[in-house]
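Take a look at the structure set out below.
Number of protein chains: 2
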Amino acid sequence: MGTQQRKINEKIKRRKDILEVAKGVFISKGLEAATMEEIANKAELSKGTLYLYFKSKEELYVSLVEEGAQLFHEFFKRATNPVLSATKQTLNLIEAFYSFYTEHRLYYTILTSIQSGSIDREKISDAVYDRIHGMAMELLEYIVNIIRKGITDGEFIDVDPRETALSFWALATGVFAVSDFMQRNELGEVKDKKLLDFASDLMLARLQAV
Amino acid sequence: MGTQQRKINEKIKRRKDILEVAKGVFISKGLEAATMEEIANKAELSKGTLYLYFKSKEELYVSLVEEGAQLFHEFFKRATNPVLSATKQTLNLIEAFYSFYTEHRLYYTILTSIQSGSIDREKISDAVYDRIHGMAMELLEYIVNIIRKGITDGEFIDVDPRETALSFWALATGVFAVSDFMQRNELGEVKDKKLLDFASDLMLARLQAV
DNA sequence: CCATTAAATGACTATTATTCATTTAATGGA
DNA sequence: TCCATTAAATGAATAATAGTCATTTAATGG
Numbered sequence: 005m006g007t008q009q010r011k012i013n014e015k016i017k018r019r020k021d022i023l024e025v026a027k028g029v030f031i032s033k034g035l036e037a038a039t040m041e042e043i044a045n046k047a048e049l050s051k052g053t054l055y056l057y058f059k060s061k062e063e064l065y066v067s068l069v070e071e072g073a074q075l076f077h078e079f080f081k082r083a084t085n086p087v088l089s090a091t092k093q094t095l096n097l098i099e100a101f102y103s104f105y106t107e108h109r110l111y112y113t114i115l116t117s118i119q120s121g122s123i124d125r126e127k128i129s130d131a132v133y134d135r136i137h138g139m140a141m142e143l144l145e146y147i148v149n150i151i152r153k154g155i156t157d158g159e160f161i162d163v164d165p166r167e168t169a170l171s172f173w174a175l176a177t178g179v180f181a182v183s184d185f186m187q188r189n190e191l192g193e194v195k196d197k198k199l200l201d202f203a204s205d206l207m208l209a210r211l212q213a214v
Numbered sequence: 005m006g007t008q009q010r011k012i013n014e015k016i017k018r019r020k021d022i023l024e025v026a027k028g029v030f031i032s033k034g035l036e037a038a039t040m041e042e043i044a045n046k047a048e049l050s051k052g053t054l055y056l057y058f059k060s061k062e063e064l065y066v067s068l069v070e071e072g073a074q075l076f077h078e079f080f081k082r083a084t085n086p087v088l089s090a091t092k093q094t095l096n097l098i099e100a101f102y103s104f105y106t107e108h109r110l111y112y113t114i115l116t117s118i119q120s121g122s123i124d125r126e127k128i129s130d131a132v133y134d135r136i137h138g139m140a141m142e143l144l145e146y147i148v149n150i151i152r153k154g155i156t157d158g159e160f161i162d163v164d165p166r167e168t169a170l171s172f173w174a175l176a177t178g179v180f181a182v183s184d185f186m187q188r189n190e191l192g193e194v195k196d197k198k199l200l201d202f203a204s205d206l207m208l209a210r211l212q213a214v
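Listed in order, the protein sequences are those of chains A and B.
Heads up: the first sequence begins at 5 in the numbering used here, then just goes up one per residue.
Heads up: the second sequence begins at 5 in the numbering used here, then just goes up one per residue.
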């Protein structure tokens, strides 16, 4: 019965179309200022239809991160060639993190808004939330693995890989938040990349076995 | 003309009263779920009156941070006894940062929501925004000064004090964001203090001259 | 051709932030 | 003491949207 399948495909496609339109609107307006009305109009659908595909405006918003996580994965994957030393891989990873931040700002923003809890958990269905969750954990795993390798190879000192990975993550997200803030307020030249390099050099150097 | 002055005092007191009530409401409901209606009722005022004192709900919210910054100052001041070594002062500062985070969560949350830009700049008057601004900079200055002292005393290696201070700030806020996230999602035991200590030890050790 | 079902619609409801014309009440001069 | 003036407060009305749901549309397959 090909009809059945076609229907499913159409639903998937419509969902994708909505996400694509929504992405544009969220980029130009942000979560709060974007309206379901506008998204519906641009998608040539009625408002009600959006709710057949997404539980709420917030769910539509965070659903975008699934595409983002895919990309993030690719960035990290490319950065972590197992042939390279743990140090080199770490540096690549930082580079990748930075590239993702600059090239996919909306996705990055969504990711951090989930992290910071500024989006009400109630407004998102469990299915979507769980998927996002899993993705965040997978991303963290990249870092954990590199550090683990560094320790095994005697390149890094014997630290807790998970704690260290979280520290890196925290440092990177913290740096971007701070430099964003400085930028917004024109508080002098805080070049985000320079700051990230500086900060992660501090941490990395400490990790390296003498 | 004592009347004139009394009026001014009364306005100041009313403003304070509103802030106090609002604090309780924001703590229990958060920014979004709190309503001006509820705050007005609890303050035994009409909704309209709130707008004579604050431009918007957001401005009422961020105005609370002014009290918070005061406290933050005190925490930092106590931590940075100039008699102590730069290393010791840094450790105290981290401790103070952590204490502030745990003991004054609402203030901390407001501070980071300003930092992260999740509050629309448009909804806040310039006067309030500028004040908050200045406070953030003063807090940063504490860290800058300690690092500067560390370098002067030969305790720390020769780094850019401002960049380093920002890195610490970024690390601390990043760590709290991450551990909050882990906590919320029950992703295993990520003790925030332990993580902060671990991460800042990594950075601090790197700073220390051999 | 029709009954059934899935999908889409958009008028309607509900919730709040914000405004503003009106009321209240204090002040100080006549 | 009374009144004009002014500041402060009020709350009904407005505006903007998220989200709902009874109704319509249109495809399907017997």
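Just so you know, even glycine gets a beta-carbon here, dropped at the ideal spot from N, CA and C.
Since the structure is predicted, the reported quantities are computational estimates derived from the model, not experimental observations.
Best match in the options for proximity to residue i [C-alpha to C-alpha]
{"i": "Leu75 of chain A", "options": "A:Glu36, A:Met141 and A:Phe104", "result": "A:Phe104"}
{"i": "Arg19 of chain A", "options": "A:Ala44, A:Leu200, A:Asp164 and A:Thr39", "result": "A:Ala44"}
{"i": "Val148 of chain B", "options": "B:Arg10, B:Ala90, B:Lys61 and B:Val182", "result": "B:Ala90"}
{"i": "Val182 of chain B", "options": "A:Lys27, A:Gly178, A:Leu206 and A:Gly28", "result": "A:Gly178"}
{"i": "Lys153 of chain B", "options": "B:Thr168, B:Met141 and B:Ala140", "result": "B:Thr168"}
{"i": "Glu145 of chain A", "options": "A:Asp130, A:Pro165, A:Arg188 and A:Phe101", "result": "A:Pro165"}
{"i": "Asn189 of chain A", "options": "B:Leu64, B:Gly52, B:Met141 and B:Glu62", "result": "B:Met141"}
{"i": "Tyr162 of chain B", "options": "B:Ile151, B:Val194, B:Leu170 and B:Ala174", "result": "What sits at residue 162 of chain B in the sequence shown is Asp, not Tyr. When only C-alpha atoms are compared, the closest one is B:Ile151."}
{"i": "His77 of chain A", "options": "A:Ser60, A:Lys59 and A:Ala100", "result": "A:Ala100"}
{"i": "Asp124 of chain A", "options": "A:Tyr65, A:Phe80, A:Arg135 and A:Arg82", "result": "A:Tyr65"}
{"i": "Lys15 of chain B", "options": "B:Phe80, B:Phe58, B:His108 and B:Ser32", "result": "B:Phe58"}
{"i": "Gly72 of chain A", "options": "A:Ile31, A:Arg10, A:Ser171 and A:Tyr111", "result": "A:Tyr111"}
{"i": "Gly34 of chain B", "options": "B:Arg109, B:Ala47, B:Lys46 and B:Lys11", "result": "B:Arg109"}
{"i": "Leu175 of chain A", "options": "A:Leu206, A:Thr7, A:Leu49 and A:Ala47", "result": "A:Leu206"}
{"i": "Asn96 of chain A", "options": "A:Lys51, A:Arg82, A:Leu143 and A:Val194", "result": "A:Arg82"}
{"i": "Met2 of chain A", "options": "B:Val87, B:Phe180 and B:His137", "result": "Nothing can be reported for residue 2 of chain A: it is not among the residues displayed for chain A, which extend from 5 to 214."}
{"i": "Asp134 of chain B", "options": "B:Val29, B:Glu107, B:Arg10 and B:Glu63", "result": "B:Glu63"}
{"i": "Lys215 of chain B", "options": "B:Glu41, B:Asn85 and B:Glu48", "result": "The requested residue 215 of chain B is not part of the displayed model; chain B covers only 5 to 214."}
{"i": "Trp173 of chain B", "options": "A:Thr106, A:Val87, A:Ile22 and A:Ala203", "result": "A:Ala203"}
{"i": "Lys46 of chain A", "options": "A:Ile98, A:Asp21, A:Gln8 and A:Thr7", "result": "A:Asp21"}
Start and end residues, alpha helix (DSSP H) containing residue i
{"i": "Glu78 of chain A", "result": "Lys61 to Ala83"}
{"i": "Asn45 of chain B", "result": "Met40 to Lys46"}
{"i": "Pro165 of chain B", "result": "Pro165 to Arg188"}
{"i": "Ser103 of chain B", "result": "Ala90 to Glu107"}
{"i": "Ala209 of chain A", "result": "Asp196 to Leu211"}
{"i": "Gly52 of chain B", "result": "Lys51 to Tyr57"}
DSSP three-state assignment for residue i, whether helix, strand or coil
{"i": "Phe160 of chain A", "result": "strand"}
{"i": "Arg18 of chain A", "result": "helix"}
{"i": "Asp130 of chain B", "result": "helix"}
{"i": "Val87 of chain B", "result": "coil"}
{"i": "Ser32 of chain B", "result": "helix"}
{"i": "Gly154 of chain A", "result": "helix"}
{"i": "Ile136 of chain B", "result": "helix"}
{"i": "Ile147 of chain B", "result": "helix"}
{"i": "Ile12 of chain B", "result": "helix"}
{"i": "Ile123 of chain A", "result": "coil"}
{"i": "Ile114 of chain B", "result": "helix"}
- Between the region 180-194 of chain B and chain A, which residues of the former have a C-beta closer than 9 Å to a C-beta of the latter? Phe180, Ala181, Val182, Ser183, Asp184, Phe185, Met186, Arg188, Asn189, Leu191, Gly192 and Val194
- Message: Three Cβ pairs or more, each shorter than 8 Å: is that satisfied between the region 110-121 of chain B and the region 114-128 of chain A?
- Response: With three or more CB-CB distances shorter than 8 Å, the region 110-121 of chain B counts as touching the region 114-128 of chain A.
- Item | Cβ pair count under 8 Å reaching 3, the region 125-133 of chain B against the region 196-206 of chain B | no
- Between the region 37-49 of chain A and chain B, which residues of the former have a C-beta closer than 9 Å to a C-beta of the latter? Ala37
- contact_flag[the region 201-213 of chain A, the region 79-99 of chain A] where n(CB pairs < 8 Å) is 3 or more: yes
- Task: Return the residues of the region 144-169 of chain A that lie within a Cβ-Cβ distance of less than 7 Å from chain B, sorted by chain order.
- Result: Correct list: Glu167.
- Residues of the region 119-130 of chain A whose Cβ lies closer than 9 Å to any Cβ of chain B, in chain order: Gln119, Ser120, Gly121, Ser122, Asp124 and Arg125
- Message: Short of 7 Å Cβ to Cβ, which residues in the region 80-102 of chain B face chain A?
- Response: none
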